[in-house]
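Colleague:
Protein chains in written order, with our numbering: chain G, 1 to 652; chain W, 1001 to 1248.
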């Protein structure tokens, strides 16, 4: 895997285009696409198999719906139960353009907000469809028994969320993701019981099998027995989530990983906008090197909390001993109009800047204060408790500090990845028959995702979009040649998987897989995190191949591959992080503009704000894999804005 | 902090297991219990020994994966999941026992990992509303009284971790099953199937080998989400009612 010196000398290939969205008025495209889509005779569906990898909101809803339609579904998840996917951790809510509040919301407004919130780097057709479908999601979930918050009249309650001026977010206390996921899980359970879904829990996809250029199956490993097996189908759906865990520390679940999408990428699926990552400003800071993951605190805290750091560098006095005059309420100072309520990316970057200056607070100086003293004085302790009590409790449980008495400490953390496998309007990747849904694809959020939109997209894809478009694919490819484990492509994929596992087990080194994960994570956070520079990205690109080499020389994985071996699972995922990280840095290097979650220091306005460059970068970057460690090929998909016209943001 | 851990080690479901003693040093009070186990595992790997297998994922107390009996208590001394338990709940020099969930219906897979697929099969037996995608009426077509919605939510909070079973001297899954029965039963959307649901789910629960309920209440004490003990009584009532009025 010798990669130097030319990984960054990528070639530009043919432009790529979405050929599936019909033209004509944006509001009519989805109806037209559905009408023009081919259908499979219900009697013929039992004979058609679809593999679904993942059981989060996207995968769970897709598997259940495809099975209801009569297809044979074979589904996989790494957890012990399909009920535990990371969607479960989403707190805030799910957007839908129901306009129950009569506050001026509409499908068009949700479409507009999402395109603008994504900093004009998403495809209009897809986003409009998402907004249209959003209203059906709420109906479906209510019918399943999802216990959304309700008002005394018995109707659904909504609240407002960052970046929008209407109240369109449906929620179930702070556990919206959990309740929506259980709804999808229960629908899936019904299909498992009916024999329509063959569920493989504790089984991880390790490779994609393509035959004649089409996705025809996967290689999977049973995590309990260690058995490597092949599974075949007429189409394969990846619903395997995002890749935020490249950074080691993120708000993602510990086992969320990039292996399925990365293996698909290596088999021909283009990877789009890998550098678009969202860093959430209000997370609980790390307490030391032992930190294994980070916990998000709801963004709503910024409504009443004031963010500050000491004016002086290295001021280690406790917060209450620092007089008012020696505090820097830096967001209020820099952005007097929006103050503490600037968007996520701006709040995150500002916190990083003051910490980099040496003015951060708490262990390691990696934190800023979020102070409720003024709010408590103004509103009274009771009122504050009413609004934020459960969040204060959660904070105290984790930090053992009482936020009523001492200011909270917060710091930004990696939260979501907008990039992912490139898909067309049908959610099909560049490998025919391979679909990607939910966070695993790149399609709807552009360069920045708005709050309460991840749940909406996962369920839109799984319940409504994919089942229609998979239908079309299967109808147009009615009699695929049968394949089995003896097929040369399948055998080769199995052999490569086995070799990789054997190689990991054989490496008798002196470092743990986690130590490498931590190292690549720190490197990415430093150079491909909240602020990126050409010099930094080049530094990371120089370091990654060396780290990869060191990994294979020094990693140590005890035990065997013939039973549950969590160290082996981890090591296998780190292998893929070490390749994906390189593509993320390259993508960040090539995009010489700032947009959404991607901030290039070279591209900023005189007052330090992100400067988007629509003249040169109004496209999605879809990268084609060539060879391990070798430069990929860039395919540009030009973005056309017919309805929402790009403008520059300003918050000062 | 320096701690003595006595951890259940078991290679395979069929092979016998045993408590093995480990010493861990340099443990910070701010670590979560699972981060303390991470520390032990990193040491074990470097020593060429196999690390302790345990289930975990979100580490935020919501996915329900973690499943440790700590000093005899499911999820340990605080009323939360093991992932949200911090080492400041212990003292320097403590000896801590760490075991897997103990229940006939949850066979050990390896070390601290157990097989909870019986829970999935209970849900598959009827823990859902029969509504195919696309067939749902407009969400506001049926108003749900707030009290009913709140009651449904209280029971829907179950994370399916299995602490209730682990804590019960009989290894009973009544609290888990009743949570789902009461969640869906409280809502108009779940009403058409309420009789078949409770009968089928309880039958599946029994078939999986969970023990009977003798109302000791350990389940509700161990539950990290506060599913209330009267939930079981409500399910019993629902079951009796279903036996009288079954529509199938």
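Even glycine gets a Cβ: it sits at the ideal position worked out from N, Cα and C. This structure is a prediction, so every number in the text was calculated from the model and none was measured.
#1: Beta-carbon separation of residue 1145 (chain W) and residue 154 (chain G) under 7 angstroms?
#2: Give the interface partners of residue 254 (chain G) over in chain W, defined as CB-CB distance under 7 angstroms, in chain order.
#3: Taking the straight line between their C-alpha atoms, what separation do you get for residue 201 (chain G) and residue 73 (chain G)?
#4: Would residue 1204 (chain W) pass as an interface residue toward chain G - the criterion being a Cβ-Cβ separation below 7 angstroms?
#5: With 9 angstroms as the C-beta to C-beta threshold (strictly closer), list the residues of the segment 1182-1201 of chain W near chain G in chain order.
#6: With a threshold of 7 angstroms on Cβ separation, who are the neighbours of residue 167 (chain G) within its own chain once the five nearest residues in sequence on each side are excluded?
#7: Please tell me whether residue 154 (chain G) has its Cβ less than 7 angstroms away from any Cβ of chain W.
#8: Given a threshold of 16 other Cβ atoms within 10 Å of its Cβ, counted over all protein chains shown, does residue 126 (chain G) qualify as buried or as exposed?
#9: Please list, in chain order, the chain W residues whose beta carbon lies closer than 9 angstroms to that of residue 227 (chain G).
#10: Compare the C-alpha of residue 620 (chain G) against each of G:9, G:18 and G:6 and name the closest.
#11: Suppose only complete runs of 3+ residues qualify. What are the beta strand (DSSP E) ranges in the segment 595-637 of chain G, listed by chain order?
#12: Taking residue 86 (chain G) as the query, report the chain W residues whose CB atoms sit under 9 angstroms from its CB, ordered along the chain.
#13: Mind pulling the chain G residues with CB within less than 7 angstroms of residue 1113 (chain W)?
#14: Can you name, in chain order, every residue of its own chain whose Cβ lies under 8 angstroms from the Cβ of residue 4 (chain G), other than the five neighbours on each side?
#15: In the DSSP output, which residue or residues are listed as bridge partners for residue 1006 (chain W)?
#16: Tell me the DSSP secondary structure of residue 402 (chain G) in three-state form.
#17: So, is residue 987 (chain W) buried or exposed, given that buried needs 16 or more other C-beta atoms within 10 angstroms?
#18: So what's residue 88 (chain G) in DSSP terms, helix, strand or just coil?
#19: Note down, in chain order, all residues in the segment 381-400 of chain G with a beta-carbon under 8 angstroms from any beta-carbon belonging to chain W.
#20: Quick check on DSSP: helix, strand or coil for residue 1086 (chain W)?
#21: Cβ atoms of residue 1024 (chain W) and residue 1009 (chain W): under 7 angstroms apart, would you say?
#22: How do the segment 502-515 of chain G and the segment 569-587 of chain G stand: do at least 3 beta-carbon pairs fall below 8 angstroms, yes or no?
#23: At a Cβ threshold of 7 angstroms, is residue 295 (chain G) touching chain W?
#24: Indicate whether residue 461 (chain G) and residue 437 (chain G) have their beta-carbon atoms separated by less than 7 angstroms.
#25: Using the rule of at least 16 other Cβ atoms within 10 Å of the residue's Cβ for burial, across every protein chain shown, is residue 624 (chain G) buried or exposed?
#26: For residue 558 (chain G), does the three-state DSSP call read helix, strand or coil?
#27: What are the boundary residues of the beta strand (DSSP E) that includes residue 371 (chain G)?
#28: I think residue 1106 (chain W) touches residue 1160 (chain W), with their Cβ atoms under 8 angstroms apart; what is that distance to the nearest whole Å?
#29: For residue 150 (chain G) and residue 130 (chain G), I'd like the C-alpha separation in whole angstroms.
#30: When you compare the segment 446-466 of chain G with the segment 483-503 of chain G, are there three or more beta-carbon pairs, one atom per stretch, that lie closer than 8 angstroms?
#31: Comparing the C-beta of residue 653 (chain G) with each C-beta of chain W, is any distance below 7 angstroms?
#32: With a cut-off of 8 angstroms, do at least 3 Cβ pairs link the segment 1178-1188 of chain W to the segment 1074-1093 of chain W?
#33: Provide the residue span of the alpha helix (DSSP H) that contains residue 518 (chain G), from first to last.
#34: Just by C-beta distance, which residues in the segment 1143-1156 of chain W are closer than 7 angstroms to chain G?
#35: Quick one, which of G:66, G:565 and G:647 has its alpha-carbon nearest residue 1112 (chain W)'s?
#36: Does DSSP classify residue 37 (chain G) as helix, strand or coil?
Modeller: Straight from the coordinates:
#1: yes
#2: 1056, 1057 and 1059
#3: 14 angstroms
#4: no
#5: 1183, 1184, 1186, 1187, 1189 and 1190
#6: So the list reads 101, 103, 158, 159 and 160, once near-sequence residues are dropped.
#7: yes
#8: buried
#9: Within chain W, no residue comes near residue 227 (chain G); the closest Cβ sits about 14 angstroms away, beyond 9 angstroms.
#10: Of G:9, G:18 and G:6, the residue nearest in Cα terms is G:18.
#11: 619-624
#12: Residues of chain W passing the Cβ test: 1057, 1058 and 1063.
#13: 564
#14: Because the pLDDT at residue 4 (chain G) is just 49, under 50, the model does not fix this residue reliably, and the point stays unresolved.
#15: Paired residues: W:1021 and W:1097.
#16: It is coil, neither helix nor strand.
#17: Outside the shown range of chain W (1001 to 1248) lies residue 987 (chain W), about which nothing can therefore be said.
#18: helix
#19: 397, 398, 399 and 400
#20: In this structure, residue 1086 (chain W) counts as strand in the three-state DSSP scheme.
#21: no
#22: The segment 502-515 of chain G, when compared against the segment 569-587 of chain G, does touch it at the 8 angstroms Cβ threshold.
#23: Residue contact with chain W for residue 295 (chain G): present (Cβ-Cβ distance below 7 angstroms to some residue of chain W).
#24: yes
#25: buried
#26: coil
#27: 368-371
#28: Residue 1106 (chain W) to residue 1160 (chain W), Cβ: 12 angstroms. No contact.
#29: One C-alpha to the other measures close to 24 angstroms.
#30: Taking 8 angstroms as the limit for Cβ pairs, the verdict is that the segment 483-503 of chain G does not touch the segment 446-466 of chain G.
#31: Since the first residue of chain G shown is 1 and the last is 652, residue 653 (chain G) is not available in this structure.
#32: no
#33: 513-527
#34: 1143, 1144, 1145, 1146, 1149, 1152, 1153 and 1156
#35: G:565
#36: coil
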